[in-house]
Amino acid sequence: MKVLRVETAEPYEILIGGGLLTDLPEDLPRVLSTRNLALITDETVRDLVTEDLARILIEKGFRAEIFSFPAGEASKTMETVVQLAQDMVRAGFDRRSAVLAVGGGVVGDVAGFLASIYLRGVPYVQIPTTLLAQVDSSVGGKTGVDLPEGKNLLGTFYQPRRVYIDYGVLSTLPLAHLRNGLAEVVKYGAALSRELFKFLELQAERLLSYDPEALEHIIYESCRLKAWVVSQDEREAGLRRVLNFGHTLGHALEAALNYEILHGEAVAVGMVAAARLSEALGVAEEPVAEKLKTLLSRLGLPVGLPNDLDPESLLGFLAADKKVWHGRLTMVLLRRIGEFLFFQDPPKEKLREILRDLPKV
Ligand SMILES: NC(=O)c1ccc[n+]([C@@H]2O[C@H](COP(=O)([O-])OP(=O)(O)OC[C@H]3O[C@@H](n4cnc5c(N)ncnc54)[C@H](O)[C@@H]3O)[C@@H](O)[C@H]2O)c1
Ligand SMILES: [Zn+2]
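Following this line, the structure appears as structure tokens:
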């Protein structure tokens, strides 16, 4: 088992290991002083992981009750949070309770948000079960739900007491969702670690066949990088924005396609565009776009825009993103593979050119 520390105001550890969930009953008392556990999960993960987990917890004398909702982004709403809270109140969960978030990023965001406001806050731990959640969303304490007006518009910063990453549970994850998580790993490599990028280039095939050793390595490295970034900048005042590499255009693409594309797929296209922009603006000191494109293609991720999408519409969605950043569009660009820089307000003409010239798929 490997251990990483996140140095936020209230520090916590990330444990990574194959099969480590079987040790959960022994380990939980180190970080939680209660034995009343609400296991929040979605209906798919409930059958695959959560029922078994509840059973071993109950065997060891915990009270472990499962509260589930339908799988998918459509459940990431305030209505789900309210429903779960009502169910927990009726089941008698008081302030001496804790929440276990067992699932992908949707479960983690919903359960973390719920824990942060339930009876003014109860402790929670993250038990991520998708690759995306294991390398990204379970670490860093961003929680939240969507509104019809946009994604993640309600939420809190609320750090978990511990993150338990058992990559054994990934064996049932559909390949498309494995790739979805790999896109975020490429992000860490491209922006922050040449070694990680190299590893992905060398081990792409092993990763796509769910090789546990290769998975452990990329999960550990991704969490190490994210933990480092979050420790410097818990509230996203500066450095943490590096994690948005590929996301500015990625988010625009997701919105333009009505979220009918996986997040990682949109980010893959966004990373290629950001790399091309880095070259077009002359900030890249080595060719970065072709390297990214080759790696992402080998991982089975898209690197171009859908044929019927007007690149111009993406510019409109970018303008919406701009509001979030004090009226300025800050993009993460690449100096080289493994080395990023922040770039303010890239010229619209250049952006337009890059989007127009992206391959069509
Ligand atoms: N909080 C953050 O910092 C942060 C960061 C990145 C993304 N996110 C959020 O994460 C969400 C996306 O997360 P996601 O991609 O994990 O989506 P998800 O939670 O919807 O999971 C994807 C699908 O995989 C299924 N699944 C989960 N574990 C499985 C397993 N072990 N075997 C088989 N199927 C399994 C789920 O039921 C679901 O159908 C988005 O809402 C996004 O906004 C949050
Ligand atoms: Zn992302």
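Residue numbering for the sequence shown follows the numbering used here, starting at 115 and increasing by one per position. C-beta atoms are modelled at their ideal positions from N, C-alpha and C, and glycine is treated no differently.
Once you ignore the five residues that flank residue i on each side, which residues in its own chain have a CB closer than 8 Å to its CB?
i    : result
E393 : P401, V402, A403
P184 : D156, E157
T136 : I170
L353 : V343, Q346, D347
F271 : G255, K256, T257, E348, R349
A398 : A389, S392, L447, L448, R449, R450
S307 : E335, L339, G452
K116 : L129, I130, G131, E330, Y334
L314 : L296, V299, V300, G303, L321, I332, L409, L413
K462 : L429
Work out the CA separation of residue j and residue i for me, nearest whole Å.
i    : j    : result
H331 : L415 : 20 Å
S336 : K265 : 24 Å
L267 : G255 : 15 Å
V381 : K174 : 42 Å
T408 : L146 : 45 Å
T244 : D250 : 10 Å
P425 : F454 : 25 Å
M192 : L316 : 43 Å
Y278 : T164 : 13 Å
A434 : V224 : 25 Å
V283 : V221 : 15 Å
I468 : Y373 : 22 Å
P326 : A318 : 13 Å
T194 : I231 : 14 Å
L118 : P274 : 14 Å
S252 : P242 : 6 Å
P420 : L198 : 38 Å
G269 : P262 : 14 Å
G364 : F311 : 20 Å
G206 : Q200 : 10 Å
G186 : G219 : 10 Å
R470 : G133 : 47 Å
V203 : V196 : 10 Å
N294 : T444 : 24 Å
A366 : P143 : 43 Å
V386 : L423 : 17 Å
Skipping 5 residues on each side, what residues in its chain have a beta carbon closer than 6 Å to that of residue i?
i    : result
K301 : F359, G360
I172 : A178
L321 : A328
A229 : V213, V236, Y238
E121 : S345
L292 : L245
L410 : A382, V417
R209 : L233
L296 : L413
V299 : V249, I332, S336
K464 : A394
L162 : T286
How is the beta strand (DSSP E) around residue i delimited, first residue to last?
i    : result
K174 : Looking at the DSSP string, K174 is not in any beta strand (DSSP E), and its letter there is neither H nor E.
C454 : One detail in the question is off: residue 454 reads as Phe in this sequence, not Cys. F454 -> beta strand (DSSP E) spans 453-458.
F207 : Run containing F207: none; DSSP gives neither H nor E here.
V386 : Taken as a continuous stretch (DSSP letters only), V386 belongs to no beta strand (DSSP E), being part of the alpha helix (DSSP H) at 377-394.
D260 : 256-261
E374 : It is not in any beta strand (DSSP E) - E374 carries neither H nor E in the DSSP assignment.
E127 : 126-130
T155 : 150-156
R119 : 116-120
R276 : 276-279
Q240 : 238-242
Skipping 5 residues on each side, what residues in its chain have a beta carbon closer than 7 Å to that of residue i?
i    : result
K405 : I451
T176 : The residue you asked about is not Thr; residue 176 is Phe in the sequence shown. Counting only Cβ-Cβ distances below 7 Å, and skipping sequence neighbours, we find P139, R149, L151.
E368 : I375, H377, A380
A168 : L153, A178, I180
L287 : T244, L245
F227 : V195, T257, G258, V259, G269, T270
For the alpha helix (DSSP H) containing residue i, name the first residue and the last one.
i    : result
G295 : 289-306
R450 : Looking at the DSSP string, R450 is not in any alpha helix (DSSP H); the run it does join, the beta strand (DSSP E), is 444-450.
P326 : 326-346
V145 : Run containing V145: none; DSSP gives neither H nor E here.
F227 : 219-231
T270 : Looking at the DSSP string, T270 is not in any alpha helix (DSSP H); the run it does join, the beta strand (DSSP E), is 264-271.
T408 : 403-412
Report, in whole angstroms, the separation of the C-beta atoms of residue i and residue j, which I expect to be a contact under 8 Å.
i    : j    : result
Y281 : Q248 : 7 Å
I154 : A215 : 5 Å
A370 : F431 : 6 Å
A290 : V356 : At roughly 26 Å, the Cβ-Cβ gap does not stay under 8 Å, so A290 and V356 are not in contact.
G418 : L472 : 5 Å
Y334 : I130 : 6 Å
R108 : E124 : No information on residue 108 is available, as it lies outside the stretch 115 to 475 that the chain covers here.
S182 : R160 : 5 Å
Comparing the C-beta of residue i with each C-beta of chain B, is any distance below 9 Å?
i    : result
L448 : Given the protein chain composition of this structure (a single chain), no chain B is represented.
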